[in-house]
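Colleague: First, the structure itself, so that you have it in front of you.
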Amino acid sequence: DVKVTQSSRYLVKRTGEKVFLECVQDMDHENMFWYRQDPGLGLRLIYFSYDVKMKEKGDIPEGYSVSREKKERFSLILESASTNQTSMYLCASSYTDGGYGYTFGSGTRLTVV
Amino acid sequence: EDQVTQSPEALRLQEGESSSLNCSYTVSGLRGLFWYRQDPGKGPEFLFTLYSAGEEKEKERLKATLTKKESFLHITAPKPEDSATYLCAVQPGNTNAGKSTFGDGTTLTVKP
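Each protein sequence line maps, in turn, to chains E and H.
At position 106 of the first sequence (counting the first as 1) the number is 323 in our numbering, and the numbers step up by one without a gap.
At position 89 of the second sequence (counting the first as 1) the number is 935 in our numbering, and the numbers step up by one without a gap.
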């Protein structure tokens, strides 16, 4: 079964900490995405990558960075966590043209205290 | 700017009561329209891709249709296990990296 695996289901971090969220896919997909999902705001794109070492900003990149050193792995970094970054974070991957839709991970629920 | 609007926000049905969910969209040259199902606390699960007006796709009790301005997800004789949030997304023809724009979803509750 094809998979997108996110390293943690639940995380609790302190304000100001540097936080790493890891995502690994086993489908040889070219594209990878990080979204956050909040009640009433839907899915918002943070960053995406269409190739190794390539990245582009999404709609809400402020306070985040990403790294893609290998095709199968896409990391989201919160440089200095703040309480307004408490959210559900979803990683997704797709083929180059996206025509088969996204495969999502199960999500990481991050709480910043 | 691409936009996706889903209605209603929430829908409550009795088991066996058929209905439809709507997804209205504006996009620069549609490459694909996608439907996903999301259960609470989980990531969305891909259901269908529709590429052109007039196209239909079916899976069990679900049927997705597409026109030039909207898509419908028809649910026939729903069961309680169909309760979930259903998300619609569009991908424009000029996108980089297969980037999609998502709607806010319709939360469906099916009562036994």
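C-beta atoms are modelled at their ideal positions from N, C-alpha and C, and glycine is treated no differently.
1. So, for N248/E: in the same chain, excluding its five sequence neighbours on each side, which residues have a beta-carbon less than 8 angstroms away from its beta-carbon?
2. Report the partner residues of Q849/H according to the DSSP bridge assignment.
3. Using the Cα positions of K905/H and I921/H, report the straight-line distance between them to the nearest angstrom.
4. For the stretch 264-295 of chain E, enumerate the residues whose C-beta is nearer than 9 angstroms to any C-beta of chain H, in chain order.
5. Counting only C-beta atoms, is F321/E closer than 7 angstroms to chain H at any point?
6. Got a sec? Which residues, its chain only, sit under 7 angstroms from V956/H by beta carbon, not counting five neighbours each side?
7. Mapping the DSSP letters down to three states, classify E916/H as helix, strand or coil.
8. Among K274/E, M271/E, G259/E and F321/E, whose alpha-carbon lies nearest the alpha-carbon of E855/H?
9. Candidates M305/E, L295/E, V221/E and K274/E: which alpha carbon is nearest M244/E's?
10. Between the alpha carbons of K888/H and A899/H, how many angstroms are there, rounded?
11. Apart from the five residues on each side of it in sequence, which residues of its chain come closer than 8 angstroms, Cβ to Cβ, to S319/E?
12. Would you verify that the beta carbon of S310/E is, or is not, closer than 7 angstroms to some beta carbon of chain H?
13. Can you name the residues of chain E whose CB is closer than 7 angstroms to the CB of D885/H?
14. Using the beta-carbon count (16 or more within 10 Å), is S917/H buried or exposed?
Modeller: So, from the data block:
1. The sequence position of residue 248/E within the first sequence is 31, counting from 1. For N248/E, where only same-chain residues beyond five positions count, the Cβ hits under 8 angstroms are F265, S266, Y267, S310, S311, Y312, T313 and G315.
2. Here residue 849/H refers to the residue found at position 3 of the second sequence. Paired residue(s): T872/H.
3. Working through the second sequence from its first residue, we reach residue 905/H at position 59. Working through the second sequence from its first residue, we reach residue 921/H at position 75. Their backbone Cα atoms lie some 10 angstroms apart in a straight line.
4. For the stretch 264-295 of chain E, which is checked against every Cβ of chain H, the residues closer than 9 angstroms are F265, S266, Y267, D268, M271, E273 and G275.
5. Position 104 of the first sequence, counted from the first residue, corresponds to residue 321/E. Cβ-Cβ to chain H under 7 angstroms: yes for F321/E.
6. By one-based count along the second sequence, residue 956/H stands at place 110. Correct list, in chain order: L859, E861, P924, K925, P926, D928 and S929.
7. The residue given as residue 916/H occupies position 70 in the second sequence. The answer is strand: DSSP assigns E916/H an E or B state.
8. Within the second sequence, residue 855/H is the residue found at index 9, counting from 1. The shortest Cα separation from E855/H among K274/E, M271/E, G259/E and F321/E belongs to G259/E.
9. Counted from its first residue, the first sequence places residue 244/E at position 27. The shortest Cα separation from M244/E among M305/E, L295/E, V221/E and K274/E belongs to V221/E.
10. Translated into positions along the second sequence, residue 888/H becomes position 42. Translated into positions along the second sequence, residue 899/H becomes position 53. Each residue's alpha carbon lies about 31 angstroms from the other.
11. For this step, residue 319/E is matched to residue 102 along the first sequence. The residue asked about is misnamed: residue 319/E is Tyr in this sequence, not Ser. Taken in chain order, the residues that qualify are F250, A309, S310 and S311.
12. On the first sequence, position 93 is the one that residue 310/E refers to. Not closer than 7 angstroms to any Cβ of chain H, the Cβ of S310/E fails to qualify, so no.
13. As a working note, residue 885/H is residue 39 in the second sequence. The contacting residues do not exist; D885/H stays about 10 angstroms from chain E at best.
14. To locate residue 917/H, count along the second sequence from 1; it is residue 71. S917/H should be labelled buried.
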